[in-house]
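For the sequence shown, the numbering used here gives the first residue as 7, with consecutive numbering after it.
Glycine is no exception: its CB is placed at the ideal position from the N, C-alpha and C atoms.
Note sheet for the following structure.
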Amino acid sequence: MERSARTRYGLLALLVVSAACEQGDITGPNVDPDVDVFASLVNDHRVAVGCAPLTWITEVAGVAQAHSVDMAQRDFFDHTTPDGLSPFDRLRDAGLDFRRAAENIAYGYGTPQAVLEGWLDSPGHRANIENCELTEHGVGLHATRWTHLFRTP
């Protein structure tokens with residue numbers, strides 16, 4: 007893949023991260039209420055299965071949001087962008103290091119409860135949600151395209 011494509015996507019992610027940083031924490035006025043509800047639901051579920059709640063990281067949410075927007079704008083649905091960027095590439099391009107990382111994506115779910123149920127009905131997605139070794143997260147939502155990005159720094 008061309009470096010310019012990586013740089014372009016990295017800049018998109020950084021722009022979203024910058025906007026998100028101005029919002030403050032997840033309960034800020036510019037956070038989609040569905041994202042706020044989802045973050046609460048997923049942490050309730052994690053606690054119920056014996057994991058610690060995930061810590062909301064605004065910068066991770068910015069990368070997740072950028073991916074949701076990108077999927078909608080370029081009309082694709084995949085963990086890897088048409089430019090070949092994986093979730094791991096997108097985190098690194100945004101300057102976010104990790105020891106572990108994972109990503110869940112979904113399309114077409116209209117409510118936070120529905121997307122969580124859909125992911126819990128899928129063994130691979132459930133494994134990410136219930137992986138107690140993943141400690142931080144951020145969520146992106148745009149045009150019913152959900153991105154839930156996890157990491158352990």
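**Message:** To the nearest angstrom, how far is the alpha carbon of His131 from that of Thr153?
**Reply:** Start at 1 with the first residue of the sequence shown, and residue 131 comes out as number 125. Start at 1 with the first residue of the sequence shown, and residue 153 comes out as number 147. So the alpha carbons of these two residues sit roughly 12 Å apart.
**Prompt:** Among Gln119, Tyr115, Val145, Ala108, which has the Cα closest to the Cα of Cys138?
**Reply:** Working through the sequence shown from its first residue, we reach residue 138 at position 132. If we check each option's Cα against that of Cys138, Ala108 comes out closest.
**Asked** According to DSSP, is Gly124 helix, strand or coil?
**Response** Looking up residue 124 in the sequence shown gives position 118. Residue state, collapsed to three classes: helix.
**Prompt:** Would you call the CB atoms of Gln71 and Gly146 closer than 8 Å?
**Reply:** Start at 1 with the first residue of the sequence shown, and residue 71 comes out as number 65. Start at 1 with the first residue of the sequence shown, and residue 146 comes out as number 140. It is a contact, given that the beta carbons lie within the stated cut-off.
**Request:** Give the C-beta separation of Phe44 and Leu126 to the nearest angstrom, bearing in mind that I take them to be a contact with Cβ-Cβ under 8 Å.
**Result:** In the sequence shown, the residue the question calls residue 44 occupies position 38. In the sequence shown, the residue the question calls residue 126 occupies position 120. With 8 Å as the limit, Phe44 and Leu126 do not qualify as a contact, their Cβ atoms being about 12 Å apart.
**Prompt:** DSSP beta-bridge partners for Ala70?
**Reply:** Taking the sequence shown and counting its residues from 1, one reaches residue 70 at position 64. According to DSSP, which records beta bridges pairwise, Ala70 is partnered with nothing at all.
**Message:** Assuming contact is defined by CB atoms lying nearer than 8 Å, are Thr87 and Glu142 in contact in what I supplied?
**Reply:** Reading the sequence shown from its first residue, position 81 is the one you call residue 87. Reading the sequence shown from its first residue, position 136 is the one you call residue 142. No, Cβ-Cβ distance for Thr87 and Glu142 is not below 8 Å.
**Message:** Considering only heavy atoms of the ligand FAD, does any lie closer than 7 Å to the CB of Gly124?
**Reply:** Among the components modelled here there is no ligand, and therefore nothing to report on the ligand FAD.
**Asked** Which residue from Gly144, Asp89, Gly90, Gly114 puts its Cα closest to that of Ala67?
**Response** Translated into the one-based positions of the sequence shown, residue 67 becomes position 61. Among Gly144, Asp89, Gly90, Gly114, the Cα nearest to that of Ala67 is on Gly144.
**Request:** Give a yes or no on whether the C-beta atoms belonging to Arg151 and Ser74 are separated by under 8 Å.
**Result:** In the sequence shown, residue 151 corresponds to position 145, counting from 1. In the sequence shown, residue 74 corresponds to position 68, counting from 1. Against a cut-off of 8 Å, the Cβ pair of Ser74 and Arg151 comes out as a contact.
**Prompt:** So what's Ala58 in DSSP terms, helix, strand or just coil?
**Reply:** In the sequence shown, counting from the first residue as 1, residue 58 sits at position 52. Looking at Ala58 - three-state DSSP - the assignment turns out to be coil, as it is neither helix nor strand.
**Message:** Considering only their Cβ atoms, is the gap separating Val69 from Arg96 smaller than 8 Å?
**Reply:** Within the sequence shown, the letter at position 90 stands for residue 96. Within the sequence shown, the letter at position 63 stands for residue 69. Closer than 8 Å, so yes.
**Test item: CB-CB of Phe104 and Arg157 under 8 Å** = Along the sequence shown, read from residue 1 onward, the residue named residue 104 stands at position 98. Along the sequence shown, read from residue 1 onward, the residue named residue 157 stands at position 151. Result yes, Cβ atoms of Phe104 and Arg157 sit closer than 8 Å.
**Message:** Can you look up Glu142 in the DSSP assignment and give me helix, strand or coil?
**Reply:** The residue labelled residue 142 in the question sits at position 136 within the sequence shown. In this structure, Glu142 counts as strand in the three-state DSSP scheme.
**Asked** Could you give the distance in angstroms between the alpha-carbon of Leu102 and the alpha-carbon of Ala120?
**Response** Here residue 102 refers to the residue found at position 96 when the sequence shown is read from its first residue. Here residue 120 refers to the residue found at position 114 when the sequence shown is read from its first residue. Roughly 29 Å between the two C-alpha positions.
**Supposed close pair Leu155, Pro93 - CB separation, criterion 8 Å** = Translated into the one-based positions of the sequence shown, residue 155 becomes position 149. Translated into the one-based positions of the sequence shown, residue 93 becomes position 87. Right, their Cβ atoms sit about 6 Å apart.
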